[in-house]
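Undergrad: First, the structure itself, so that you have it in front of you.
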Amino acid sequence: MENENGKEVKSLSDVTVMFAGDSGDGMQLTGTQFSDTTAFIGNDLNTLPDYPAEIRAPAGTIYGVSGFQLHFSSKDIHTPGDGPDVLVAMNPAALKKYKVNLKKHGTIIANIDAFDKKNLKLAKYDTNPLEDGSLQGYHVYKVPITTLTQEALKNTKLSPKDVIRSKNFFALGIMYWMFNRPLEPTLKWINEKFKKKHDVAEANTIALKAGYYYGDTTEIFTARYIVSPAKLPKGTYRSISGNEATAMGFVAASVLSGHQLYLGSYPITPASDILHHLSKYKNFGVKTFQAEDEIAGICSTIGAAFGGSLAITTTSGPGLALKTEAAGLAVITELPIVIVDVQRGGPSTGLPTKTEQADLLQAMYGRNGESPIAVLAASTPSNCFFMAIEASRIALKFMLPVILMTDGYIANGTEPWRIPHESELPKFDHELETNPEGFQPYKRDENLSRPWAVPGTPGLEHRIGGLEKENITGNVSYEPDNHDLMCRLREEKIQKISNDIPELVVDGDEDGKLIVIGWGGTEGSIIDAVKKAREEGFNVSRIHLKYINPFPKNLGDILSKFDNILVPEINLGQLSKILRSTYLVNTIQFNKMRGLPFKTYEIKDKIEEILGGSND
Amino acid sequence: MTDKIDVQEVKLTAKDFKSDQDVRWCPGCGDYSILAQVQRTFPTLGKKKENFVWISGIGCSSRFPYYMDTYGFHSIHGRAPAIATGLKIAHPELDVWVATGDGDLMSIGGNHFIHACRKNVDIKLLLFNNQIYGLTKGQYSPTSERGKITKSSPYGSIDYPFNPISLALGSNATFVARTVDRDPKHLQQMIKRAAEHKGTAFIEIYQNCVIFNNGAFFSLTEKENRPEHTIVLEHGEPMIFGKNNDKGIILDGFEPKVVNLNDGKYTIADLIVHDEFEESPVRAFILSHMTNHPDLPTPFGVFRQVVIETYNEALERQIKEVTEKKGKGDLDELLFSGNTWEVA
Chain A
43 MENENGKEVK
53 SLSDVTVMFA
63 GDSGDGMQLT
73 GTQFSDTTAF
83 IGNDLNTLPD
93 YPAEIRAPAG
103 TIYGVSGFQL
113 HFSSKDIHTP
123 GDGPDVLVAM
133 NPAALKKYKV
143 NLKKHGTIIA
153 NIDAFDKKNL
163 KLAKYDTNPL
173 EDGSLQGYHV
183 YKVPITTLTQ
193 EALKNTKLSP
203 KDVIRSKNFF
213 ALGIMYWMFN
223 RPLEPTLKWI
233 NEKFKKKHDV
243 AEANTIALKA
253 GYYYGDTTEI
263 FTARYIVSPA
273 KLPKGTYRSI
283 SGNEATAMGF
293 VAASVLSGHQ
303 LYLGSYPITP
313 ASDILHHLSK
323 YKNFGVKTFQ
333 AEDEIAGICS
343 TIGAAFGGSL
353 AITTTSGPGL
363 ALKTEAAGLA
373 VITELPIVIV
383 DVQRGGPSTG
393 LPTKTEQADL
403 LQAMYGRNGE
413 SPIAVLAAST
423 PSNCFFMAIE
433 ASRIALKFML
443 PVILMTDGYI
453 ANGTEPWRIP
463 HESELPKFDH
473 ELETNPEGFQ
483 PYKRDENLSR
493 PWAVPGTPGL
503 EHRIGGLEKE
513 NITGNVSYEP
523 DNHDLMCRLR
533 EEKIQKISND
543 IPELVVDGDE
553 DGKLIVIGWG
563 GTEGSIIDAV
573 KKAREEGFNV
583 SRIHLKYINP
593 FPKNLGDILS
603 KFDNILVPEI
613 NLGQLSKILR
623 STYLVNTIQF
633 NKMRGLPFKT
643 YEIKDKIEEI
653 LGGSND
Chain B
1301 MTDKIDVQEV
1311 KLTAKDFKSD
1321 QDVRWCPGCG
1331 DYSILAQVQR
1341 TFPTLGKKKE
1351 NFVWISGIGC
1361 SSRFPYYMDT
1371 YGFHSIHGRA
1381 PAIATGLKIA
1391 HPELDVWVAT
1401 GDGDLMSIGG
1411 NHFIHACRKN
1421 VDIKLLLFNN
1431 QIYGLTKGQY
1441 SPTSERGKIT
1451 KSSPYGSIDY
1461 PFNPISLALG
1471 SNATFVARTV
1481 DRDPKHLQQM
1491 IKRAAEHKGT
1501 AFIEIYQNCV
1511 IFNNGAFFSL
1521 TEKENRPEHT
1531 IVLEHGEPMI
1541 FGKNNDKGII
1551 LDGFEPKVVN
1561 LNDGKYTIAD
1571 LIVHDEFEES
1581 PVRAFILSHM
1591 TNHPDLPTPF
1601 GVFRQVVIET
1611 YNEALERQIK
1621 EVTEKKGKGD
1631 LDELLFSGNT
1641 WEVA
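For the protein sequence lines, the chains are A and B, in the order given. So the first sequence is residues 43 to 658, counted in the numbering used here. So the second sequence is residues 1301 to 1644, counted in the numbering used here.
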């Protein structure tokens, strides 16, 4: 404990902060700035943006609240935190919505200017929670953020409405002071972002600084905190979201494979950012096509793959459903495409801005006929980069469609990422067919791949299509034996991929009472839950699946060595179903569909329940 | 190959475009004529054989790619324009052609059709319009006339039909033409014009289905009817038709009207002079409504051709401009961009 400016300075190892306000209050921006600065000074971090599907829901209502949760630490962390230590509530609705998650004795910084009669009523408070004693046990800081921002900006030229819009920077300033963060990264960002709006840049700068000095000089804050940099592996880092990592992964795959990148996509939440990012990379020769609908998105992608591009389409669950028939066309024509499914809550439109893992069975089986597809799943924001490369590599090498699954949480969440150099990335080994001698469109190599013969190549003119084809010649065939053979070949080809992907490595003992197996975006919560259970003396192992079709070769062996298999999933047990039918093992399901990632304690409690409280 | 042949130097013939597959359309189907005219026209275009690609959806017409010895893709119902769009974007040097029918393009594929036209993607769309669903054995189609009795409309269809030419014009297609299976010369001419057009080229081909809709176009195709019921659009020429070339079309406000050139009231100077290249699509749209009109002849030929930047040209231009401005993309530079920090 030190003293500075008459104020106590406490050192913390691990903090979760939640910025919450109206969807028009700029909370996502504030949260992103806090994360970028926090990453910049070397903390490990993980974020969870939580915003409504409505662009500007009525101000002051609970359903209009937008929140940004951010977990940062001097240690290695993997989740956005179970609940916040500090809640910045810009209005009563924000307090109402997120107070339930606030940790015991947590801190609330409330903008008291917004706690008027109207807003209290909109948030369904009968009495003012800041005054009625209901927040007893919490550290509540009542700050007139709006008034103070107005005061600080009274000499600027901005309209009263625009002045109020700067209040998020005032709040951010307070938080920077409280957690000892430098202002420079955000000041730099403001100047770049509002280069052409000098007045706005000036106002935001003043508001940010005013917030910081307010923390420093007023009497109300008695303490500030230091969270030291985390000990991360050596290297150059940046903060990255899953969608950006996915986009960059495909650019990398394009460079590594030497094939032009083509994206055919229709905007859909939460996948659109991949389209946004890739449409910027024209100087990499990336061609993005904003299609008229989801079907045109994938069909144009199939056309581009026929034409020799590394061709991808990006979507979310409802879009994946629309792409179903065309995905089958890619299966039967054996063309290499990658379909990215950024999963969200379903069914139907469901919860567009919330996360879920309930598209697994759709990805695996959601097509007519025997229509196997390779399925991969990224596990963290930065892992999306690597899995995008893997999905591309597998598609091109095995000449087939691959579905890469991510989800709303890892797509929008961010974490620090040690940036790899080009030399550290996987190699691609496949080539285009150019030799007309003995050419047959469905002749197969040792991986059962057919040749990729691109229009424009002299002498390789051939026809492909959705009708069943004779193996080797590629002529239309209705022969019973040929169809049976082709169905088996398409499946066998998928299984061949298992020779080309890494085996699973068990985290923990290789046999025992319990193994936790997850897939996709739940890895962070499972890692932390397992770690905490072990700290309490429970013996539990863990594996995580990033390759789902086919499974890694040693999965069955691993599962056979444990008495209990716990499968946490943000669905009703879809991986569980597949594991049971594939390996004839029993599984213990753990399922929640709340539109949110698992909380660490939820999984940890389940582990302890299974191990019967016996931590011997 | 021991003796490599430079394909470019070989003079192509119709035979070079015939695949080894047996053609399986019904005897007498209008599709045979379309296939033959395409195979006759392609060698005259001066293009490389390996650069031609035929893409189709589902329906009788969509078997077309199997019979052409070019690259081909028989895809799924209605989606050929979308697949063609992706292929052309990926590989702009290719000549991408779509063979499609009235069910495929006007019904299930309607959305892809209007958007390909709107974007001016440089693909060629050949609509084999027989006003019936043939492959599913005889249901009314989106271009069938109202009241048509079919298996799925035993009391007469209550649908109003699409006018494909109006739809294409309404979607701002840059080349819009109509021809018919029974006029090989005109069909060849239209195929050649479409091939030479830069941008979306749409040809509606009236095509006879001998099994389910035989004679649908006889009033337009048979010798005795043809002169009085059709008019051939020629650029720069006054709109004259009739057995004795004695009738013409004038524009009365927005309404086209037939006038007799022999009754002394009108002369050739009063007639509409067809202008394919008129920038505004309004007059072409009016002409498109002469289709199946009780008092007006149905037009054949090029309704409209305008040359504007294609989708593909614009995309390549943008890539070039951005690359010139930012420099060719460097992967390490991209990965290490933005706010980075070092951990020692």
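Virtual Cβ for every residue (Gly too), placed ideally from N, Cα, C.
For P1365 (chain B), go through chain A and note every residue whose CB falls closer than 8 Å to its CB, in chain order.
TA: The answer, in chain order, is R505 and G507.
Undergrad: Could you round the C-beta distance between A372 (chain A) and I344 (chain A) to whole angstroms and report it? I think they count as a contact, below 8 Å.
TA: 5 Å
Undergrad: What does the Cβ neighbour count give for I97 (chain A), buried or exposed, with the cut at 16 atoms within 10 Å?
TA: exposed
Undergrad: Using 7 Å as the limit for Cβ to Cβ distance, is V384 (chain A) near chain B?
TA: False, the Cβ-Cβ gap to chain B never drops below 7 Å.
Undergrad: Assuming contact is defined by CB atoms lying nearer than 7 Å, are F1462 (chain B) and M1406 (chain B) in contact in what I supplied?
TA: For F1462 (chain B) and M1406 (chain B), yes; Cβs fall inside 7 Å.
Undergrad: With a Cβ-Cβ cutoff of 7 Å, do G284 (chain A) and P423 (chain A) count as a contact?
TA: yes
Undergrad: Report the CB separation of I612 (chain A) from E398 (chain A) in whole angstroms; it is logged as a contact under 8 Å.
TA: Rounded, the Cβ-Cβ distance is 5 Å, consistent with contact.
Undergrad: Examine chain A for any beta-carbon lying closer than 7 Å to the beta-carbon of Y1332 (chain B), and answer yes or no.
TA: No, Y1332 (chain B) does not count as interfacial toward chain A.
Undergrad: For chain B, check one thing: does any of its Cβ atoms lie closer than 7 Å to the Cβ of S283 (chain A)?
TA: For S283 (chain A), the closest Cβ of chain B is not nearer than 7 Å.
Undergrad: On the three-pair Cβ rule with 8 Å, is the segment 154-174 of chain A touching the segment 126-145 of chain A?
TA: Yes, the segment 154-174 of chain A is in contact with the segment 126-145 of chain A.
Undergrad: How close, in whole Å, do the beta carbons of Q555 (chain A) and F604 (chain A) come, if the pair is a contact with beta carbons under 8 Å?
TA: As written in the sequence, residue 555 (chain A) is Lys, which differs from the Gln given in the question. A Cβ-Cβ distance of about 7 Å is found for the pair K555 (chain A) and F604 (chain A), placing them in contact under the 8 Å criterion.
Undergrad: Quick one: list the residues of chain B neighbouring N325 (chain A), beta-carbon separation under 7 Å, in chain order.
TA: Chain B residues near N325 (chain A): V1622, T1623, K1626, G1627, K1628 and G1629.
Undergrad: DSSP three-state label for R1418 (chain B), please.
TA: helix
Undergrad: Let me know the secondary structure DSSP gives N606 (chain A) once reduced to three states.
TA: strand
Undergrad: List the residues that DSSP assigns as beta-bridge partners of A131 (chain A).
TA: A:A62 and A:A152
Undergrad: Against chain B, does S342 (chain A) count as a neighbour if the rule is that its beta carbon must be under 7 Å from one of theirs?
TA: Judged by the 7 Å Cβ criterion, S342 (chain A) is in contact with chain B.
Undergrad: If you reduce the DSSP assignment to three classes, tell me which class D1303 (chain B) lands in.
TA: Note that D1303 (chain B) scores a pLDDT of 49, beneath 50, so its modelled location is shaky; the value from the coordinates is reported in the next line. Assigned with DSSP and collapsed to three states, D1303 (chain B) falls in coil, not helix or strand.
Undergrad: What is the residue span of the beta strand (DSSP E) that F1603 (chain B) lies within?
TA: Per DSSP, F1603 (chain B) belongs to the beta strand (DSSP E) from T1598 to Q1605.
Undergrad: Report the three-state DSSP secondary structure of G1456 (chain B) (helix, strand or coil).
TA: Under the three-state reduction of DSSP, G1456 (chain B) is assigned to coil, being neither helix nor strand.
Undergrad: H1486 (chain B) versus chain A: which residues are under 7 Å apart at the beta carbon?
TA: Simply none; closest approach about 28 Å.
Undergrad: Which whole-angstrom value describes the C-beta separation of K1349 (chain B) and L1312 (chain B), a residue pair presumed to lie in contact below a C-beta threshold of 8 Å?
TA: 6 Å between Cβ atoms; contact.
Undergrad: With E1613 (chain B) as the anchor, note down where its beta strand (DSSP E) starts and where it stops.
TA: It is not in any beta strand (DSSP E) - E1613 (chain B) instead sits in the alpha helix (DSSP H) that spans Y1611 to K1626.
Undergrad: Cα separation between M220 (chain A) and G123 (chain A)?
TA: 19 Å
Undergrad: Is the beta carbon of I337 (chain A) sitting closer than 7 Å to the one on L364 (chain A)?
TA: Contact flag set, yes.
Undergrad: When you check each C-beta in the segment 446-468 of chain A against every C-beta of chain B, which residues fall closer than 8 Å?
TA: R460, I461, P462, H463 and E464
Undergrad: At the 7 Å Cβ level, is L1635 (chain B) part of the contact set with chain A, yes or no?
TA: Residue contact check for L1635 (chain B) against chain A: a CB pair falls below 7 Å.
Undergrad: What are the residues that DSSP puts in a beta bridge with Y1367 (chain B)?
TA: Per DSSP, none; premise fails for Y1367 (chain B).
Undergrad: From the DSSP secondary-structure annotation, give me the bridge partner or partners of Y484 (chain A).
TA: In the DSSP assignment, Y484 (chain A) is bridged to A:I514.
Undergrad: In angstroms, rounded to a whole number, what distance separates the CA positions of E226 (chain A) and A213 (chain A)?
TA: One C-alpha to the other measures close to 16 Å.
Undergrad: Taking the continuous alpha helix (DSSP H) assigned at W219 (chain A), which residues delimit it?
TA: K209 to M220
Undergrad: Would you mind reading off the limits of the alpha helix (DSSP H) that contains M406 (chain A)?
TA: L402 to Y407 is the span of the alpha helix (DSSP H), which, as asked, contains M406 (chain A).
Undergrad: Leaving aside the five residues before and after R1493 (chain B) along the sequence, list all residues of the same chain whose C-beta is less than 8 Å from its C-beta, in chain order.
TA: F1475, A1477, A1501, V1602 and Q1605
Undergrad: Tell me which residues of the segment 1423-1448 of chain B have at least one Cβ-Cβ distance to chain A shorter than 8 Å, keeping chain order.
TA: none
Undergrad: Leaving out the 5 sequence neighbours to the left and right, which residues in its chain are closer than 6 Å to G277 (chain A) when beta-carbon positions are compared?
TA: R460
Undergrad: Could you tell me the boundaries of the alpha helix (DSSP H) in which Y105 (chain A) lies?
TA: Per DSSP, Y105 (chain A) belongs to no alpha helix (DSSP H) and is neither H nor E.
Undergrad: Can a CB atom of chain A be found closer than 7 Å to the CB of R1379 (chain B)?
TA: yes
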